[in-house]
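> Residue 142 in the working numbering sits at position 156 of the sequence shown, with consecutive numbering throughout.
Backbone N, C-alpha and C fix where the C-beta goes; we use that ideal spot for every residue, glycine too.
This structure is a prediction, so every number in the text was calculated from the model and none was measured.
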Amino acid sequence: MGHGNLARGAWGVTGTRAPLPGVASAGESTEIGPCERSPLAELAFGETADRREPARSRHLAFMPADTPLLDLKDPDQRHFGGYELLELLGSGGTGTVYRARQAALDREVALKLLAAGPWASREFIRRFEHEARYAARMEHPNIVTVYDVGCHEEIHFYSMRLVRGRSLSARLRSGEHFSPEAAARLVRTVAGALEYAHGMGVLHLDLKPSNVLVDANGVPHVSDFGLARQLQGTPVIDNDELSGTPTYMAPEQAVVHAYKLSAATDVWALGAILYELVAGRPPFRGDSVGETLDMVLEGHVREPSRFAPALPRDLEAIICKCLYKDAVQRYQTARALHEDLTRFLEGRLVHARRLNLLQRGLHWMLR
Ligand SMILES: Nc1ncnc2c1ncn2[C@@H]1O[C@H](COP(=O)(O)OP(=O)(O)OP(=O)(O)O)[C@@H](O)[C@H]1O
Ligand SMILES: [Mg+2]
-13 MGHGNLARGA
-3 WGVTGTRAPL
7 PGVASAGEST
17 EIGPCERSPL
27 AELAFGETAD
37 RREPARSRHL
47 AFMPADTPLL
57 DLKDPDQRHF
67 GGYELLELLG
77 SGGTGTVYRA
87 RQAALDREVA
97 LKLLAAGPWA
107 SREFIRRFEH
117 EARYAARMEH
127 PNIVTVYDVG
137 CHEEIHFYSM
147 RLVRGRSLSA
157 RLRSGEHFSP
167 EAAARLVRTV
177 AGALEYAHGM
187 GVLHLDLKPS
197 NVLVDANGVP
207 HVSDFGLARQ
217 LQGTPVIDND
227 ELSGTPTYMA
237 PEQAVVHAYK
247 LSAATDVWAL
257 GAILYELVAG
267 RPPFRGDSVG
277 ETLDMVLEGH
287 VREPSRFAPA
297 LPRDLEAIIC
307 KCLYKDAVQR
317 YQTARALHED
327 LTRFLEGRLV
337 HARRLNLLQR
347 GLHWMLR
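1. Taking 7 Å as the cut-off, does the CB of residue 81 come closer than this to any heavy atom belonging to ligand 1?
2. Considering residue 143, what are the terminal residues of the beta strand (DSSP E) in which it resides?
3. How is residue 185 classed by DSSP in three states: helix, strand or coil?
4. Grab me the residues of residue 329's own chain with a C-beta within less than 6 Å of its C-beta, minus the 5 sequence neighbours each way, in chain order.
5. From this set, 233, 194, 115, 298, which residue's C-alpha is nearest residue 339's C-alpha?
6. Note down, in chain order, each residue of its chain lying with its Cβ closer than 8 Å to the Cβ of residue 302, except the 5 sequence neighbours on either side.
7. Roughly how many whole angstroms lie between the Cα atoms of residue 272 and residue 281?
8. Measuring alpha carbon to alpha carbon, tell me which residue in 256, 170, 178, 278 is nearest residue 194.
9. Using C-beta distances below 6 Å, list every residue in its chain close to residue 89, excluding the 5 sequence neighbours before and after it, in chain order.
10. With respect to 7 Å, is the separation between the Cβ of residue 210 and the closest non-hydrogen atom of ligand 2 below this value?
11. Roughly how many angstroms separate the alpha carbons of residue 175 and residue 324, rounded to a whole number?
12. Note down the Cα distance separating residue 334 from residue 322, rounded to an integer number of angstroms.
13. How would you write the range of the beta strand (DSSP E) that residue 93 sits in, first residue to last?
14. Given a threshold of 16 other Cβ atoms within 10 Å of its Cβ, counted over all protein chains shown, does residue 16 qualify as buried or as exposed?
15. From the DSSP secondary-structure annotation, give me the bridge partner or partners of residue 152.
16. Count the other C-beta atoms from every protein chain shown that fall within 10 angstroms of the C-beta of residue 203, then say buried if there are 16 or more, exposed otherwise.
17. For the alpha helix (DSSP H) containing residue 324, name the first residue and the last one.
18. Any chance the CB of residue 186 is under 7 Å from a heavy atom of ligand 1?
19. Does residue 267 come out as helix, strand or coil in the three-state DSSP assignment?
20. Enumerate in chain order the residues of its own chain whose CB-to-CB distance from residue 209 is below 6 Å, with the five nearest sequence positions on each side excluded.
21. Contact defined as beta carbons within less than 8 Å: I believe residue 182 pairs with residue 250. What is the distance between those atoms, to the nearest angstrom?
22. For a test of the three-state rule: what should DSSP assign to residue 300, helix, strand or coil?
23. Can you tell me whether residue 134 sits near ligand 1, meaning its C-beta is under 7 Å from at least one heavy atom of the ligand?
24. Three-state secondary structure (DSSP) at residue 166?
25. Assuming residue 283 is part of the alpha helix (DSSP H), what are its boundary residues?
26. Can you tell me whether DSSP reads residue 70 as helix, strand or coil?
27. What did DSSP end up calling residue 82 once you bin it into helix, strand or coil?
28. Residue 248: beta carbon under 7 Å from a heavy atom of ligand 1?
29. If you count every other CB in all the chains shown that lies within 10 Å of the CB of residue 18, and 16 or more means buried, which is it?
30. Count the other CB atoms within 10 Å of the CB of residue 286; is the residue buried (16 or more) or exposed (fewer)?
31. If you measure between the beta carbons of residue 93 and residue 72, is that distance less than 8 Å?
32. How would you label residue 300, buried or exposed, when you count the other beta carbons within 10 angstroms and need 16 or more for buried?
33. Thinking C-alpha only, which one of 239, 233, 238, 188 is nearest residue 259?
34. In terms of DSSP beta bridges, what is residue 132 paired with?
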């Protein structure tokens, strides 16, 4: 399961299930919104949350959320506002996604019901709706368009373009092999989508294989710009309470309040995805969220060629340039990464490697 944390920051609580419908549980934070639940929310979430502060720290990656799940055999649950739920597509840290029919427009969409909906704080909902507006403005062939955002019977949702295919995580899980060229081409397309989003002042901040949906033609579509923050006219934003998925998270994102986030933060995630595509494993994955975070912060990235000996040196140099702990040493823009991947695909010397060679030459001269 993913560890997306759009919701968790605002709620600031954990969410395992316990009984007592409509009644706030002990230790409830004042951040929590209304707890009077509708019958549908009651069915979706089952039981109320056990709200404990995470043991290790306030980092959002430690905070699991409640996942809404509806019974599609029950007509009362199948009909959700203006939508009819047709099939469960999957669930992650931020909610549950259904294939659904939007009755008014007679079209199929993907409908995401957000986790812990009934307990979302007003601040979270305000921010979520604000961010959904940015996601809805993005018109790009490789970005999943957000159609609608709303709340039905206290379950917050958004609908988006349905991508018929499989997520990159599903493809990786089924053991699919990606050649270096295929991996470079796919990530280059995603980098192009990111370049567009960054140009609109939006960072993704939760890029990972499950948020890259690959259609039947093999074309990737980036979903869940949910954690996205506006760049607000500056190249960086504060990392206060937001989070991504630790396995693909840049070091500056793994420390609350410590660093600034920038386009280079998304570049890290692209590098981590590319690493996994060619090496069959992500650069860092511990046995627990905490262990993964420690590895992201302190661990050394092992060259992907250790797991894929035939990996071209130029592609390895590109991946390693995305994964510098110090954001300043990474590609500063998705465009720069896109260009270097193009150089690789066209058989030209890539900038990442040229720099390495220059540095090595300098080192040799100074000896
Ligand atoms: N627009 C979409 N079209 C088709 N399938 C989708 C769409 N959005 C999501 N899915 C499917 O639903 C699954 C669950 O998505 P969801 O975003 O809830 O989980 P996640 O990406 O693993 O975690 P997170 O909640 O952190 O984003 C995805 O892996 C994907 O298979
Ligand atoms: Mg997702």
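Result, derived from the coordinates:
1. As a first step, residue 81 is located in the sequence shown; it is residue number 95 there, counting from the start. True, at least one ligand heavy atom lies under 7 Å from that Cβ.
2. The count along the sequence shown starts at 1 and reaches residue 143 at position 157. From DSSP, the beta strand (DSSP E) with residue 143 extends over 141 to 147.
3. Along the sequence shown, one-based indexing puts residue 185 at 199. The answer is helix: DSSP assigns residue 185 an H, G or I state.
4. Here residue 329 corresponds to residue number 343 of the sequence shown, with the count starting at 1. 336, listed in sequence order.
5. Taking the first residue of the sequence shown as position 1, residue 339 is located at position 353. Taking only the C-alpha atoms, the option nearest residue 339 is 298.
6. Residue 302 sits at position 316 when you count from the first residue of the sequence shown. 289, 290, 291.
7. Position 286 of the sequence shown, counting from 1, holds the residue named residue 272. Position 295 of the sequence shown, counting from 1, holds the residue named residue 281. If you take the alpha carbons of residue 272 and residue 281, they lie about 7 Å apart.
8. Here the question's residue 194 lines up with position 208 in the sequence shown. Checked all of 256, 170, 178, 278; the closest Cα to residue 194 is 256.
9. The residue given as residue 89 occupies position 103 in the sequence shown. Excluding positions up to five away in sequence, the list reads 68.
10. Residue mapping note: residue 210 aligns to position 224 of the sequence shown, counting from 1. Answer for residue 210: yes, Cβ within range of ligand 2.
11. Residue numbering aside, residue 175 sits at position 189 when the sequence shown is read from its first letter. Residue numbering aside, residue 324 sits at position 338 when the sequence shown is read from its first letter. If you take the alpha carbons of residue 175 and residue 324, they lie about 8 Å apart.
12. In the sequence shown, the residue the question calls residue 334 occupies position 348. In the sequence shown, the residue the question calls residue 322 occupies position 336. Approximately 15 Å, taken between the alpha carbons.
13. Taking the sequence shown and counting its residues from 1, the one referred to as residue 93 is at position 107. Its beta strand (DSSP E) spans residues 93 to 100.
14. Sequence index remark: in the sequence shown, residue 16 carries index 30 (1-based). Because residue 16 sits at a pLDDT of 27, beneath the cut-off of 50, its placement in the model cannot be relied upon, and the following sentence gives the value as read from the coordinates. It counts as exposed.
15. To locate residue 152, count along the sequence shown from 1; it is residue 166. Note: residue 152 sits in a beta bridge opposite 200.
16. Taking the sequence shown and counting its residues from 1, one reaches residue 203 at position 217. It is exposed - the Cβ of residue 203 has fewer than 16 other Cβ atoms within 10 Å.
17. As a first step, residue 324 must be located in the sequence shown, where it is residue number 338. It spans 320 to 331 - the alpha helix (DSSP H) in which residue 324 sits, taken as one unbroken run.
18. Here residue 186 refers to the residue found at position 200 of the sequence shown. Result no, Cβ not under 7 Å from ligand 1.
19. Here residue 267 corresponds to residue number 281 of the sequence shown, with the count starting at 1. If DSSP states are grouped into helix, strand and coil, residue 267 belongs with coil.
20. Counting from one through the sequence shown, the residue named residue 209 turns up at place 223. Excluding residues within five positions, the ones whose Cβ falls inside 6 Å are 130, 197, 199.
21. Residue mapping note: residue 182 aligns to position 196 of the sequence shown, counting from 1. Residue mapping note: residue 250 aligns to position 264 of the sequence shown, counting from 1. Between residue 250 and residue 182 the Cβ distance is about 17 Å, and since that is not below 8 Å, they are no contact.
22. Taking the sequence shown and counting its residues from 1, the one referred to as residue 300 is at position 314. Of the three classes helix, strand and coil, the one that applies to residue 300 here is helix, per DSSP.
23. Your numbering for residue 134 matches position 148 in the sequence shown. Flag unset: Cβ of residue 134 not near ligand 1.
24. Sequence index remark: in the sequence shown, residue 166 carries index 180 (1-based). In the structure shown, residue 166 sits in a helix (DSSP, three-state: H, G or I).
25. The sequence position of residue 283 within the sequence shown is 297, counting from 1. Per DSSP, residue 283 belongs to the alpha helix (DSSP H) from 275 to 284.
26. Taking the sequence shown and counting its residues from 1, the one referred to as residue 70 is at position 84. The answer is strand: DSSP assigns residue 70 an E or B state.
27. In the sequence shown, counting from the first residue as 1, residue 82 sits at position 96. The answer is strand: DSSP assigns residue 82 an E or B state.
28. Stepping through the sequence shown from its first residue, residue 248 is reached at position 262. No, ligand 1 has no heavy atom inside 7 Å of this Cβ.
29. Locating residue 18 in the sequence shown gives position 32, where the first residue counts as 1. Model confidence at residue 18 stands at a pLDDT of 29, short of 50, so the residue's coordinates are unreliable and nothing is read from them.
30. Along the sequence shown, read from residue 1 onward, the residue named residue 286 stands at position 300. So residue 286 counts as exposed.
31. In the sequence shown, counting from the first residue as 1, residue 93 sits at position 107. In the sequence shown, counting from the first residue as 1, residue 72 sits at position 86. For residue 93 and residue 72, no; Cβs fall outside 8 Å.
32. Taking the sequence shown and counting its residues from 1, one reaches residue 300 at position 314. Classification for residue 300: buried.
33. The sequence position of residue 259 within the sequence shown is 273, counting from 1. Of the listed residues, the one whose Cα sits closest to residue 259 is 233.
34. For the purposes of this step, residue 132 is identified with residue 146 of the sequence shown, where counting begins at 1. Answer is 146.
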